[in-house]
Amino acid sequence: MSIPEFDAALAAASDEVHDLALRARALVLDVLPADVLETIDGTDIGYGWTRGYKGTICVSSVYARWINLGLPNGVDLPDPAGLLQGTGKKHRHVRIASLADLDSQQSAAFWKPPVRPTPGPPPRTELIIGKTRVFSAENRRFADDQLWVARRPFTDS
Numbered sequence: 258m259s260i261p262e263f264d265a266a267l268a269a270a271s272d273e274v275h276d277l278a279l280r281a282r283a284l285v286l287d288v289l290p291a292d293v294l295e296t297i298d299g300t301d302i303g304y305g306w307t308r309g310y311k312g313t314i315c316v317s318s319v320y321a322r323w324i325n326l327g328l329p330n331g332v333d334l335p336d337p338a339g340l341l342q343g344t345g346k347k348h349r350h351v352r353i354a355s356l357a358d359l360d361s362q363q364s365a366a367f368w369k370p371p372v373r374p375t376p377g378p379p380p381r382t383e384l385i386i387g388k389t390r391v392f393s394a395e396n397r398r399f400a401d402d403q404l405w406v407a408r409r410p411f412t413d414s
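First residue of the sequence shown: 258, per this note's numbering; consecutive thereafter.
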């Protein structure tokens with residue numbers, strides 16, 4: 258993503274928050290590998306292996322007076338200083354309200370280069386094809402047969 262696209266996403270932010278977002282972006286891009294995707298969704302700037310939440314490494318969310326640097330699996334990270342905030346099942350964030358917050362050694366501990374997930378073999382599945390006779394109570398007769406297809410995990414039983 259170019260800086261003009263980034264600036265357009267943050268057009269409503271104050272100058273201080275805009276500068277915080279630029280510094281946070283530089284920090285994240287400095288730590289992450291070069292092939293990471295950068296996407297914009299409203300005022301959220303996402304960084305990840307793929308589009309969508311599953312491939313997300315981190316996200317920068319812009320608010321009126323601060324930004325949040327969010328970690329989708331933050332609940333699993335060690336946090337001895339208690340910097341991670343949030344109550345979601347997995348997602349946690351670090352609130353950055355000043356340049357001092359961004360430069361602190363404690364918050365820098367979360368930004369280690371991630372390892373690209375290695376794709377494992379696809380799960381074994383089986384295809385099930387069936388036919389259902391549908392009875393129409395309104396017409397008091399069987400309607401046309403309906404064909405259906407489903408995929409379910411394969412079990413060795």
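Note that beta-carbon positions come from the ideal geometry of N, C-alpha and C, so glycine has one too. Only a predicted model underlies this, so the values are computations on that prediction, with no experimental measurement involved.
Cβ-Cβ separation, residue j to residue i (assumed contact under 8 Å), whole Å
| i | j | result |
| --- | --- | --- |
| alanine 270 | valine 319 | 5 Å |
| leucine 359 | alanine 265 | Not quite, the Cβ-Cβ distance comes to about 22 Å (not below 8 Å), so this is no contact. |
| leucine 228 | isoleucine 314 | The structure shown does not extend to residue 228, since the chain is modelled only from 258 through 414, so no value can be given for it. |
| glycine 299 | valine 316 | 11 Å between Cβ atoms; not a contact. |
Reduced DSSP category for residue i - H, G, I as helix; E, B as strand; rest coil
| i | result |
| --- | --- |
| arginine 352 | strand |
| leucine 279 | helix |
| aspartate 298 | strand |
| glycine 327 | strand |
| serine 271 | coil |
| phenylalanine 263 | helix |
| methionine 258 | Here the model assigns methionine 258 a pLDDT of 49, short of 50, so the residue's position is not dependable, and the following value carries that caveat. Three-state DSSP puts methionine 258 in coil, outside helix and strand. |
Residue range of the unbroken beta strand (DSSP E) whose run includes residue i
| i | result |
| --- | --- |
| threonine 307 | Note, threonine 307: premise wrong, no beta strand (DSSP E); not H, not E. |
| threonine 313 | 313–319 |
Sequence-distant residues of the same chain with beta carbon closer than 8 Å to residue i, five excluded per side
| i | result |
| --- | --- |
| histidine 350 | Ser318, Asn325, Leu326, Gly327, Leu328, Gly331, Leu341, Gln342 and Gly343 |
| isoleucine 353 | Leu277, Ala281, Trp323, Ile324, Asn325, Leu326, Leu359 and Ser364 |
| serine 347 | Going by the sequence as given, residue 347 is lysine instead of serine. Only Pro329, Asn330, Gly331, Val332 and Asp333 meet the Cβ criterion. |
Closer than 7 Å: residue i CB and nearest the ligand MN heavy atom
| i | result |
| --- | --- |
| arginine 280 | As far as ligands go, the structure on display features none, and thus does not contain the ligand MN. |
Proximal residues to residue i (C-beta, below 7 Å), its chain only, five neighbours per side dropped
| i | result |
| --- | --- |
| glycine 305 | Val293, Leu294, Gly312, Thr313 and Ile314 |
Same chain, Cβ closer than 6 Å to residue i, five either side skipped, listed in chain order
| i | result |
| --- | --- |
| methionine 258 | Residue placement at methionine 258 is poorly supported in this model, since its pLDDT is 49, which falls under 50; the coordinates still yield a value, given next. Glu295. |
| phenylalanine 263 | none |
| aspartate 336 | none |
(message) Under 8 Å, with one C-beta from each stretch per pair, do the region 321–335 and the region 270–285 reach the 3-pair mark?
(response) As far as the Cβ criterion goes, the region 321–335 touches the region 270–285, which means the pair count is three or higher.
(request) Take every Cβ of the region 328–336, pair it with every Cβ of the region 285–300, and state whether three or more of those distances are shorter than 8 Å. (result) Verdict: no, contact absent.
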